[in-house]
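Student:
Residue numbers (my numbering), protein chains in the order written: chain A, 1 to 255; chain B, 1 to 284.
#1: Beta-carbon of residue 179 (chain A) versus every beta-carbon of chain B: anything under 8 angstroms?
#2: Starting from the C-beta of residue 250 (chain A), find all residues in its chain whose C-beta is less than 7 angstroms away, skip the five residues before and the five after it, and write them out in chain order.
#3: Does residue 172 (chain B) come out as helix, strand or coil in the three-state DSSP assignment?
#4: Tell me whether residue 67 (chain B) sits in a helix, a strand or coil according to DSSP, three-state version.
#5: Do residue 218 (chain B) and residue 75 (chain B) have their CB atoms nearer than 8 angstroms?
#6: Exposed or buried, residue 221 (chain B), counting other C-beta atoms within 10 Å across all chains shown (16 or more means buried)?
#7: Name the chain A residues whose beta carbon is nearer than 9 angstroms to that of residue 226 (chain B)?
#8: Tell me the residue span of the beta strand (DSSP E) that contains residue 37 (chain B).
#9: Rounded to the nearest angstrom, what separates residue 2 (chain B) and residue 50 (chain B) at their Cα positions?
#10: State yes or no: is the beta carbon of residue 145 (chain A) nearer than 8 angstroms to at least one beta carbon in chain B?
#11: Under the rule that 16 or more other beta-carbon atoms within 10 Å means buried, what is residue 171 (chain A), buried or exposed?
#12: Does residue 173 (chain A) come out as helix, strand or coil in the three-state DSSP assignment?
#13: Considering only their Cβ atoms, is the gap separating residue 236 (chain A) from residue 111 (chain B) smaller than 8 angstroms?
#14: Closest by CA to residue 272 (chain B), which one among B:246, B:212, B:225 and B:58?
#15: Which residues, in chain order, does the region 72-85 of chain A contribute to contact with chain B at a C-beta distance below 7 angstroms?
#16: By DSSP, does residue 44 (chain B) sit in helix, in strand, or in coil?
#17: Please report the distance separating the alpha-carbon of residue 116 (chain A) from that of residue 191 (chain A).
#18: For the 8 angstroms Cβ check, are there 3 or more pairs between the region 100-109 of chain A and the region 72-84 of chain A?
#19: To test your reading of the DSSP string, which unbroken alpha helix (DSSP H) runs of 4 or more residues are found completely within the region 158-241 of chain A?
#20: Near residue 20 (chain A), what residues of its chain come up, given a Cβ to Cβ distance below 6 angstroms and the 5 sequence neighbours on each side ignored?
#21: With a threshold of 8 angstroms between beta-carbons, can residue 131 (chain B) be considered close to chain A, or not?
#22: So which residues on chain B does residue 131 (chain A) lean against when the C-beta distance must stay under 8 angstroms?
#23: To the nearest angstrom, how far is it from the Cα of residue 158 (chain A) to the Cα of residue 149 (chain A)?
#24: Step through the CB atoms of chain A and report whether any lies within less than 8 angstroms of the CB of residue 210 (chain B).
#25: Mapping the DSSP letters down to three states, classify residue 112 (chain B) as helix, strand or coil.
#26: Mind checking the region 8-28 of chain A against chain B and listing, in chain order, the residues whose C-beta falls within less than 8 angstroms of any C-beta there?
#27: With a CB to CB cut of under 8 angstroms and the five nearest residues on each side skipped, what residues in its chain are close to residue 233 (chain A)?
#28: Taking Cβ positions only, does residue 162 (chain B) come closer than 8 angstroms to chain A?
#29: How should residue 179 (chain B) be labelled, buried or exposed, when 16 other C-beta atoms within 10 angstroms of its C-beta is the threshold for buried?
#30: Count the other C-beta atoms from every protein chain shown that fall within 10 angstroms of the C-beta of residue 196 (chain B), then say buried if there are 16 or more, exposed otherwise.
#31: What residues from the region 36-56 of chain A come within 7 angstroms of chain B, judged by C-beta to C-beta, listed N to C?
#32: In whole angstroms, what is the alpha-carbon distance linking residue 189 (chain B) and residue 181 (chain B)?
#33: According to DSSP, simplified to helix, strand and coil, what is residue 250 (chain B)?
#34: For residue 29 (chain A), list the residues DSSP reports as bridge partners.
#35: Cβ closer than 7 angstroms: which chain A residues qualify as neighbours of residue 82 (chain B)?
#36: Where do the N-terminal and C-terminal ends of the alpha helix (DSSP H) with residue 18 (chain B) fall, by residue?
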């Protein structure tokens with residue numbers, strides 16, 4: 001029975017990892033169609049570096065992810081502080097809308113944002129993409145920061161208020177330093193979400209501003225592209241490094 | 001606390017305005033669009049109609065939605081069938097190993113799901129690793145045509161969404177009180193009876209949560225069926241995408257999207273009710 005169990009668990013892991021390992025192995029395969037092993041090569045990696053389209057899309061992806069994560073971290077932190085500190089009219093609606101972002105399927109959010117940008121006459125490209133990415137990252141920052149804030153001793157804030165600190169001072173001198181690990185974790189999570197998104201980006205960006213997942217999408221739709229294997233290998237490793245970092249950051253703060 | 005603070009006003013104002021502008025207004029716009037008529041030049045014409053919703057009930061489209069829901073449902077069932085014993089086995093390993101094993105489930109899901117879909121495609125190709133493996137072991141004599149079928153879409157969905165099934169299952173199974181299982185055995189229940197009458201009811205919240213987390217996103221993943229499926233293996237996501245970007249029939253696409261959201265909302269409400277009901281039963 002024990003052996004059956006171990007075998008079963010091993011088979012599931014095989015199912016989870018085999019496609020990724022095959023991809024990584026193919027990225028070093030000299031054969032163009034990857035049907036046979038024809039020896040080691042790094043030429044697909046060089047091809048990526050030499051492709052201006054891909055490099056451009058990669059840089060665009062990083063720019064959007066960096067800006068979206070940073071702005072979502074700022075706005076999301078303010079949102080979490082609002083929910084934690086104050087009671088205000090429309091608080092329920094505020095929470096409800098955050099819930100809507102998390103629960104509504106990507107495609108529904110994608111078309112609703114597309115409709116908004118078209119109605120406002122906003123050009124589909126950098127700006128529309130950035131605004132959309134900030135929006136879908138927001139609830140994750142709010143939740144991360146809020147859950148850390150609710151673990152605090154609120155006496156700290158009351159003490160500061162009693163000693164005459166204004167709302168800004170309380171935020172800047174007390175809440176922000178204490179919440180910082182969660183803000184950073186929220187930033188990293190947002191960065192990953194932004195890099196990973198396909199569906200929303202597909203709708204809200206135009207040919208003037210192409211990002212990597214969309215570039216890959218149009219490449220692989222047309223057939224086998226060995227340089228995509230190399231690119232996929234790199235893209236597999238980036239979030240692994242990033243999220244591990246964020247994981248250890250939170251873990252360290254807990255202990 | 002009642003003093004007027006510029007910081008407080010600005011904070012609530014900024015975040016509230018963002019949510020109103022980028023979440024509330026766009027969703028209301030889609031809802032409104034679904035009741036309007038199509039216009040060649042300006043996307044929509046301001047004429048109220050229920051025609052878009054009537055068209056959704058057209059047998060041709062119902063069939064598309066049915067096929068989409070069937071593929072998503074099969075993917076959910078496969079995830080459950082594979083994931084339940086897996087989560088159970090994981091939850092019963094020793095704590096140190098357990099967390100490492102769980103992390104190993106999550107790692108592939110940090111990668112862009114588009115890339116994982118592409119990885120599945122290379123695996124399933126006629127000249128791909130899976131066919132080579134099956135030919136080599138002699139299980140099959142001729143390469144299987146797996147790619148560009150509904151089965152491939154289902155496999156892709158299972159692969160991409162599997163962690164969403166395992167994590168909620170793991171969470172409930174880990175908390176399962178083993179004394180209840182012993183009690184069940186002491187009272188003369190066989191293993192099967194204990195499983196059906198004790199374990200399954202107690203882990204039901206996890207089963208439902210995992211089911212929703214797989215089924216709902218599966219409906220929208222248009223790139224999975226684009227890369228793995230044949231021309232007929234459309235998901236609702238493909239349908240909505242086609243209406244918006246190719247057919248340019250926004251009102252119809254909006255109606256499909258509103259319908260999909262409503263069905264999801266109903267399922268979520270049903271979920272919360274069932275959770276509450278199960279919670280009450282436990283107390284009694």
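Just so you know, even glycine gets a beta-carbon here, dropped at the ideal spot from N, CA and C.
Tutor: Quick answer:
#1: So, not an interface residue.
#2: Excluding five sequence positions before and after residue 250 (chain A), the CB atoms of its chain that fall closer than 7 angstroms to its own CB belong to 181 and 185, given in chain order.
#3: Collapsing the DSSP output to three states places residue 172 (chain B) in a helix.
#4: Taken through DSSP and simplified to helix, strand or coil, residue 67 (chain B) comes out as helix.
#5: For the pair residue 218 (chain B) and residue 75 (chain B), the CB atoms are nearer than the 8 angstroms cut-off.
#6: Buried, by the Cβ-count rule.
#7: Per Cβ cutoff of 9 angstroms: 217 and 221.
#8: Looking at the DSSP string, the run of the beta strand (DSSP E) that includes residue 37 (chain B) is 37-39.
#9: Only weak support exists for where residue 2 (chain B) lies, its pLDDT of 47 falling under 50; the value from the coordinates is given anyway. Near 49 angstroms, if we compare the C-alpha coordinates of residue 50 (chain B) and residue 2 (chain B).
#10: By this cut-off, residue 145 (chain A) is not an interface position.
#11: Result: buried.
#12: Helix, per DSSP.
#13: Result yes, Cβ atoms of residue 111 (chain B) and residue 236 (chain A) sit closer than 8 angstroms.
#14: The residue with the shortest Cα to Cα distance from residue 272 (chain B) is B:212.
#15: With the criterion set as a beta carbon lying under 7 angstroms from some beta carbon of chain B, the members of the region 72-85 of chain A are 75, 78, 79, 81 and 82, in sequence order.
#16: Looking at residue 44 (chain B) - three-state DSSP - the assignment turns out to be strand.
#17: Cα to Cα, the separation comes out at about 24 angstroms.
#18: Contact between the region 100-109 of chain A and the region 72-84 of chain A is absent: fewer than 3 CB-CB pairs across the two stretches fall below 8 angstroms.
#19: The DSSP assignment places 176-196, 199-204 and 212-221 as complete runs of the alpha helix (DSSP H) inside the region 158-241 of chain A, in order along the chain (cut-off: 4 residues).
#20: Correct list: empty, nothing qualifies.
#21: Cβ-Cβ to chain A under 8 angstroms: no for residue 131 (chain B).
#22: Ordered by position in chain B, the residues that pass the 8 angstroms Cβ test against residue 131 (chain A) are 22.
#23: About 14 angstroms.
#24: Not one chain A Cβ lies under 8 angstroms of residue 210 (chain B).
#25: In this structure, residue 112 (chain B) counts as coil in the three-state DSSP scheme.
#26: Of all residues in the region 8-28 of chain A, only 8, 9, 12, 13, 15, 16, 17, 18, 19, 20, 22, 23 and 26 come within less than 8 angstroms of chain B when Cβ atoms are compared, listed by chain position.
#27: These residues qualify, in order along the chain: 23, 24 and 27.
#28: At least one CB atom of chain A sits nearer than 8 angstroms to the CB of residue 162 (chain B).
#29: Residue 179 (chain B) is exposed by the Cβ-count criterion.
#30: When all chains shown are included, residue 196 (chain B) counts as exposed.
#31: Along the region 36-56 of chain A, none of the residues has a CB nearer than 7 angstroms to a CB of chain B.
#32: So the alpha carbons of these two residues sit roughly 9 angstroms apart.
#33: Residue 250 (chain B): helix per DSSP, three-state reduction.
#34: Beta-bridge partners assigned by DSSP to residue 29 (chain A): A:40.
#35: Contact of residue 82 (chain B) with chain A by beta-carbon distance below 7 angstroms involves 12.
#36: Residue 18 (chain B) -> alpha helix (DSSP H) spans 6-19.
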